[in-house]
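Residue numbers (the numbering used here), protein chains in the order written: chain B, 1 to 443; chain D, 1001 to 1443. Where a beta carbon is used, it is the ideal one built from N, C-alpha and C, also for glycine. These numbers come from a predicted model, not from an experiment.
Number of protein chains: 2
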Amino acid sequence: MSAGANEAHGNGESGAAEAARRARRASRQLAMLSDQQRNDALLLAAERLEESEGQIVAANAEDLRAAEPLVRAGTMSQAMLARLHISEKSVADMAERVRSVARLPDPLRRKLNQTELDSGLVLTKETCPLGVVAVVFESRPDVVPQVASLALKSGNAILLKGGREAAHTNEALIGVWIETLRESGMSADAAQLLHSRADVAELLELDRDVDLLIPRGGRDFVEIISRQSRIPVLGHGEGICHVYVHSAADFEKAERIVLDAKLDYPAACNAAETLLVDAAIAPRFLPRMVENLRAAGVEVRGCERTRAIVPSGVDAATERDWATEYGDLILSVKVVDGLDHAIAHIHQYGSGHTEAIITGDTGAAERFLNEVDAAGVYHNASTRFADGYRYGLGAEVGISNGKLHARGPMGLEGLTTYKYKLRGSGQTVGDYKSGRKFTHRPL
Amino acid sequence: MSAGANEAHGNGESGAAEAARRARRASRQLAMLSDQQRNDALLLAAERLEESEGQIVAANAEDLRAAEPLVRAGTMSQAMLARLHISEKSVADMAERVRSVARLPDPLRRKLNQTELDSGLVLTKETCPLGVVAVVFESRPDVVPQVASLALKSGNAILLKGGREAAHTNEALIGVWIETLRESGMSADAAQLLHSRADVAELLELDRDVDLLIPRGGRDFVEIISRQSRIPVLGHGEGICHVYVHSAADFEKAERIVLDAKLDYPAACNAAETLLVDAAIAPRFLPRMVENLRAAGVEVRGCERTRAIVPSGVDAATERDWATEYGDLILSVKVVDGLDHAIAHIHQYGSGHTEAIITGDTGAAERFLNEVDAAGVYHNASTRFADGYRYGLGAEVGISNGKLHARGPMGLEGLTTYKYKLRGSGQTVGDYKSGRKFTHRPL
């Protein structure tokens, strides 16, 4: 088995189909491990990551060297280069995150429900791993231990395909991980790295051996993967998040939240793209808000009413702006006529990711939280909180914009499913057609 | 709004896109209704169904008349004709089922989880409706009130497309439903019937206005819908269910369960297609089992070892038999070498629907329930129990063979998702980058 693993890991001759078949086999073993066994392996992995710090940083240096000409040629951004960089501190952080995943409660064999269907016939709905999960991601190599640890904790085998620019770092990280699996007596096939774009194309067809595919990347990337995949896909196409400043908002709070939601990390999917402001307060709120945004380097694009209030320095927003995820230091601003208008705008243009209302009026806030159809609905907090770590999920394998299976940041629970266990004593359905009644008693 | 509803309902001129847009609007209202309001409407619908019995049965008589020549020509089976037939008793049963859905606990606004992220910053994971659900089904008109009641109880708008053979009956049923919605002060767009195949083709593209598509029908039908749809699909392609008679089985129980699993309703997806028998007991168990199966009209196809034990009346099973859902009075039989062999066979050929072990050995049973990767794993009970009503879910919108979102019979829970509500007091993510720590305290 380790020879097979080396093949896929080492020289990439073996394709995605063979890797997935081996992952499926490994997943059967993983599903049977105790929480203790999975946690012990995670703690060992954290230790081995720390011990391999030098080797990981050296591999990363190779990737950074290869990136230099790309940055000079302008085909790689400084931000992407920054995300690629791994320091001694980063390795220590990775190890700590792996330990924090080990500390989370066991997501497996949880009884979700138990019903006595009849005397001596008991139905139990119980969590179990999905099986094999594939994650396709770009640049950030810290995804490797993060996703691998969530997968191991939840008893899933994992197939990873990272960006070419991080190839050496990813190899070093997965190498450490596979060594740990072996040392823990587990199949090395439980975590495998795929190598080529051809592997990804092949992967999309493998719905028999891969249960879930998570693309982490830009909108177009996710869209293409979703369209082509026969495997169920969870990911997010876009994040058009709104901050709505209600007429009863505390201006100081509103300003701080808007600035955080736009500036903390503009490229993130949970950054705000549009600011909605109630007409009643817009003349008092907008001038200073726009001034502060512009001072922070944000380009502001406003509706007609916004531009009437702040005539200079605000470009005209077009219909297209409301539907755009800038991912950059740009913010569109619209004056709305109260809560219903704000909600209607959000439902028309939002992507169902994360939406915030800023108000001192609890009734308005509760209506917003109930009526807005999005994975995250916030009162008086920045949209940037939409993140697995901040939510207390330990980490995330991705963020789902869909409504099925998992919504918002996906941690361990998104990597599990359930099965119905029925324990009987010889019952047939025919018995219940000849008069016998179900008890359907919750246990 | 009611004029619009009539348009789609009455003459079919309005297409699926317009129907879905109206359903989306209706779904926003439905999501805000209280449990009481939804239950009151359900109880009223049950009453109106009973009152409309004559009208429903008359509409059904029209469908039955139209079906007669098809049955004579052999293009419609007697079984299909039987499923189409609605009696006074059937209408009473429908009404009773709608009432039983009203009695179920409210699936909405359930707190799945609550975490204090920090003092004054509380995250709540709470159930909410999916929004708009479309169900495409064949023949059985009782699907209409069953699915419509589950949708209403869970706050979802519904688009239904039934088979042409049941057109009059479906129209009569949805007519009663829509009248009830109006009488209850709800939008008539909350339940709409689509009319043509063109509507279905159009529907598959409407991923913005339809959240979930459930095809109920044959394997090829589900496969085609899944391949073409941009909307997430839950359904089941096939049901290749096994009954495994372990060496420590009680023969009498095993026989009764095998006969029930094969004979109770051979066309159902939860009927058994393959019988696995441990080699240790096969010489004693198989002769009588095969005799009983054959006496009941079942064609038996066996592996070499089976045919060596029961030389006459058993055809040779080929590789293809193990992978076939007969949906008919045919059963394939294989002699296996114990639990591991049985599980390996199930994982190779099973469809992850429902798998049963018959044994008096609890250890073997527990291993089977834990290791077999299927939506239903049964000990000493017939695979035919895999059904929403029998599971105590009240009814089912379908059965899912997938592992994501819903697995096995799907009731109300499969029609809900959740949202994360975050209630803060002005928090920004920036605060937590300058030293502030999350508490992540479960509430």
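Exercise for review: Determine whether the Cβ of C1241(D) lies closer than 9 Å to any Cβ atom of chain B.
Suggested key: As a position in the second sequence, residue 1241(D) is number 241, starting the count at 1. Chain B contact via Cβ: absent.
Check your understanding: For a contact meaning CB atoms closer than 8 Å, what does H405(B) contact in chain D?
Key -> By one-based count along the first sequence, residue 405(B) stands at place 405. Ordered by position in chain D, the residues that pass the 8 Å Cβ test against H405(B) are L1404, H1405.
Check your understanding: Relative to chain D, which residues along the stretch 20 to 41 of chain B have a C-beta separation below 9 Å, given in chain order?
Key -> R24, S27, R28, A31, M32
Practice item. Step through the CB atoms of chain B and report whether any lies within less than 9 Å of the CB of T1306(D). Key: The sequence position of residue 1306(D) within the second sequence is 306, counting from 1. With 9 Å as the cut-off, T1306(D) does not count as an interface residue toward chain B.
Review point. Mind pulling the chain D residues with CB within less than 7 Å of P232(B)?
Key: On the first sequence, residue 232(B) is found 232 positions in, with the first residue counted as 1. Here the neighbours are G1402, L1404.
Exercise for review: Could you name the residues of the same chain whose beta carbon sits closer than 6 Å to that of A1323(D), not counting the 5 residues immediately before and after it, in chain order?
Suggested key: Taking the second sequence and counting its residues from 1, the one referred to as residue 1323(D) is at position 323. The answer, listed in chain order, is Y1349.
Check your understanding: For chain B, is any of its Cβ atoms less than 9 Å away from the one on Q1228(D)?
Key -> Walking along the second sequence from the start, residue 1228(D) turns up at place 228. No, because no Cβ of chain B sits closer than 9 Å to the Cβ of Q1228(D).
Practice item. Work out the CA separation of L1415(D) and N1113(D) for me, nearest whole Å. Key: Locating residue 1113(D) in the second sequence gives position 113, counting from the first residue. Locating residue 1415(D) in the second sequence gives position 415, counting from the first residue. For N1113(D) and L1415(D), the distance between alpha carbons rounds to 19 Å.
**Study point:** Which residues DSSP lists as bridging G451(B), in chain order
**Key:** The shown model of chain B, from 1 to 443, leaves out residue 451(B), and the question about it has no answer.
Review point. Around the Cβ of T444(B), are there at least 16 other Cβ atoms within 10 angstroms (buried) or fewer (exposed)?
Key: There is simply no residue 444(B) to check, as chain B begins at 1 and stops at 443 in what is shown.
**Study point:** Residues near K125(B) by beta carbon distance below 6 Å, same chain, minus five either side
**Key:** As a position in the first sequence, residue 125(B) is number 125, starting the count at 1. Counting only Cβ-Cβ distances below 6 Å, and skipping sequence neighbours, we find L112, N113, Y418, Y420.
Point to revise | Run of the beta strand (DSSP E) containing E299(B), from where it starts to where it stops | key: If you number the first sequence from 1, residue 299(B) lands on position 299. 299 to 302 is the extent of the beta strand (DSSP E) around E299(B).
Exercise for review: Could you tell me if Q1036(D) is buried or exposed, where buried requires 16 or more neighbouring beta carbons within 10 angstroms of its beta carbon?
Suggested key: Here residue 1036(D) corresponds to residue number 36 of the second sequence, with the count starting at 1. With fewer than 16 Cβ atoms within 10 Å of its Cβ, Q1036(D) is classed as exposed.
Review point. Rounded to a whole number of angstroms, what is the C-alpha to C-alpha distance between M1(B) and S187(B)?
Key: Here residue 1(B) corresponds to residue number 1 of the first sequence, with the count starting at 1. Here residue 187(B) corresponds to residue number 187 of the first sequence, with the count starting at 1. With a pLDDT of 33 at M1(B), under the threshold of 50, the modelled position of this residue cannot be trusted; read the value that follows with caution. Going by the C-alpha atoms only, they are around 7 Å apart.
Review point. Alpha carbon to alpha carbon, how far is P105(B) from A271(B)?
Key: The sequence position of residue 105(B) within the first sequence is 105, counting from 1. The sequence position of residue 271(B) within the first sequence is 271, counting from 1. Their backbone Cα atoms lie some 30 Å apart in a straight line.
Review point. From E47(B) to A95(B), what distance separates their C-alpha atoms?
Key: The sequence position of residue 47(B) within the first sequence is 47, counting from 1. The sequence position of residue 95(B) within the first sequence is 95, counting from 1. Near 7 Å, if we compare the C-alpha coordinates of A95(B) and E47(B).
Exercise for review: Can you tell me which of A1295(D), V1333(D), R1164(D) puts its alpha carbon nearest to the alpha carbon of V1245(D)?
Suggested key: Numbered from its first residue, the second sequence carries residue 1245(D) at position 245. Among A1295(D), V1333(D), R1164(D), the Cα nearest to that of V1245(D) belongs to V1333(D).
Practice item. Quick one: give me the first and last residue of the beta strand (DSSP E) that V71(B) is part of. Key: As a first step, residue 71(B) must be located in the first sequence, where it is residue number 71. It is not in any beta strand (DSSP E) - V71(B) instead sits in the alpha helix (DSSP H) that spans 53 to 73.
Check your understanding: Counting along the chain, where does the alpha helix (DSSP H) carrying F438(B) start and finish?
Key -> Within the first sequence, numbered from 1, the residue matching residue 438(B) stands at position 438. No alpha helix (DSSP H) holds F438(B); DSSP gives it neither H nor E.
Check your understanding: Which runs of the alpha helix (DSSP H) fall wholly inside the stretch 287 to 348 of chain B and span at least 4 residues, in chain order?
Key -> 304 to 309, 319 to 322
Exercise for review: Give a yes or no on whether 9 Å exceeds the smallest Cβ distance from R1423(D) to chain B.
Suggested key: Walking along the second sequence from the start, residue 1423(D) turns up at place 423. Yes - at least one Cβ of chain B is within 9 Å of the one on R1423(D).
Check your understanding: DSSP beta-bridge partners for A1272(D)?
Key -> For this step, residue 1272(D) is matched to residue 272 along the second sequence. According to DSSP, A1272(D) bridges with C1241(D).
Review point. If L1393(D) sits next to L1412(D), beta carbons under 8 Å apart, how far is it from one beta carbon to the other, in whole angstroms?
Key: By one-based count along the second sequence, residue 1393(D) stands at place 393. By one-based count along the second sequence, residue 1412(D) stands at place 412. Right, their Cβ atoms sit about 7 Å apart.
**Study point:** Backbone CA spacing between G1012(D) and E1051(D) [nearest angstrom]
**Key:** Within the second sequence, the letter at position 12 stands for residue 1012(D). Within the second sequence, the letter at position 51 stands for residue 1051(D). Since pLDDT at G1012(D) reaches only 43, below the 50 mark, its modelled position is unreliable, and no value is offered.
Exercise for review: Note down, one range per segment and in chain order, each beta strand (DSSP E) of at least 3 residues found wholly within the stretch 107 to 147 of chain B.
Suggested key: 111 to 118, 121 to 129, 132 to 137
Practice item. Determine the direct distance from the alpha carbon of R1110(D) to that of N1039(D), and round the result to whole angstroms. Key: Working through the second sequence from its first residue, we reach residue 1039(D) at position 39. Working through the second sequence from its first residue, we reach residue 1110(D) at position 110. Their backbone Cα atoms lie some 17 Å apart in a straight line.
Point to revise | Straight-line gap, L275(B) to R22(B) (C-alpha atoms, nearest Å) | key: Translated into the one-based positions of the first sequence, residue 275(B) becomes position 275. Translated into the one-based positions of the first sequence, residue 22(B) becomes position 22. Spanning the two alpha carbons is a distance of roughly 49 Å.
Check your understanding: If you follow the alpha helix (DSSP H) that R1423(D) is part of, which residue opens it and which one closes it?
Key -> Locating residue 1423(D) in the second sequence gives position 423, counting from the first residue. No alpha helix (DSSP H) contains R1423(D), which is instead part of the beta strand (DSSP E) from 1416 to 1427.
Practice item. Using 10 angstroms around the beta-carbon of R197(B), count the other beta-carbons present and answer buried if the total reaches 16, otherwise exposed. Key: Against the first sequence, residue 197(B) aligns to sequence position 197. Label assigned to R197(B): exposed.
Review point. Of all Cβ atoms in chain D, is any one closer than 9 Å to the Cβ of K419(B)?
Key: One-based indexing of the first sequence puts residue 419(B) at position 419. By this cut-off, K419(B) is an interface position.
Practice item. Following the continuous beta strand (DSSP E) through V1377(D), name the residue where it begins and the one where it ends. Key: Residue mapping note: residue 1377(D) aligns to position 377 of the second sequence, counting from 1. Element bounds for V1377(D): 1376 to 1381.
Review point. Where does P215(B) fall in DSSP's three states?
Key: Within the first sequence, residue 215(B) is the residue found at index 215, counting from 1. It is a strand residue.
**Study point:** For K1253(D), the three-state DSSP class (helix, strand or coil)
**Key:** Translated into positions along the second sequence, residue 1253(D) becomes position 253. Of the three classes helix, strand and coil, the one that applies to K1253(D) here is helix, per DSSP.
Practice item. Please check if any C-beta of chain D sits within less than 9 Å of the C-beta of V429(B). Key: For the purposes of this step, residue 429(B) is identified with residue 429 of the first sequence, where counting begins at 1. Judged by the 9 Å Cβ criterion, V429(B) is in contact with chain D.
Exercise for review: State the Cα-Cα distance for the pair N1006(D) and S1027(D), rounded to the nearest angstrom.
Suggested key: Taking the first residue of the second sequence as position 1, residue 1006(D) is located at position 6. Taking the first residue of the second sequence as position 1, residue 1027(D) is located at position 27. At N1006(D), the pLDDT of 39 sits below 50, so the modelled position is not reliable; the number obtained from the coordinates is stated separately. Between N1006(D) and S1027(D), the C-alpha separation is close to 18 Å.
**Study point:** Burial state of S226(B), where buried means 16 or more other Cβ atoms lie within 10 Å
**Key:** Here residue 226(B) corresponds to residue number 226 of the first sequence, with the count starting at 1. Classification for S226(B): buried.
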